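Here the structure comes first, spelled out in structure tokens, and everything after it is commentary.
Numbering (the working numbering), first residue to last: 7 to 116.
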């Protein structure tokens, strides 16, 4: 259970860092640039802790998949990015893939 908390923190810090990346304006603004660097360092640190007991394929698919969906939602809310049917279907498929891997993969410790 603790590893899944570490993975959740890794996902959230990666999403925070990626969101700040746009605000950093090519690393020309100090505060968001610091958030980017610290966020990515923390994300990889917590991902490494999660990998102690979660198989790397499952952890990475969950980390990347949920990160993609969360970043897309944040871009829609904060930056007015438009989401068309293709984007919504794609995100649904990503989420479905993460769920299927976590629930039905034989490499996942249950």
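Glycine included, C-beta positions come from ideal geometry on N, C-alpha and C.
Note that the structure is predicted; figures quoted are calculated from it, not measured.
(message) I'd like to know whether the C-beta atoms of residue 104 and residue 63 end up nearer to each other than 8 Å.
(response) no
(message) Restricting to Cα atoms, I'd like to know which of 70, 84 and 94 is closest to residue 29.
(response) 84
(request) Could you check if residue 116 is buried or exposed, using at least 16 other CB atoms within 10 Å of its CB as the buried criterion? (result) Low local confidence applies: a pLDDT of 46 at residue 116 is under 50, so the model's placement there is unreliable, and no value is given.
(request) Give me the Cβ distance between residue 25 and residue 74, rounded to the nearest whole Å; I'm assuming they're in contact under 8 Å. (result) Contact between residue 25 and residue 74 does not hold, since their C-beta atoms are separated by about 13 Å, which reaches or exceeds 8 Å.
(request) Measure the alpha-carbon distance for residue 19 versus residue 52 and round it to whole angstroms. (result) 9 Å
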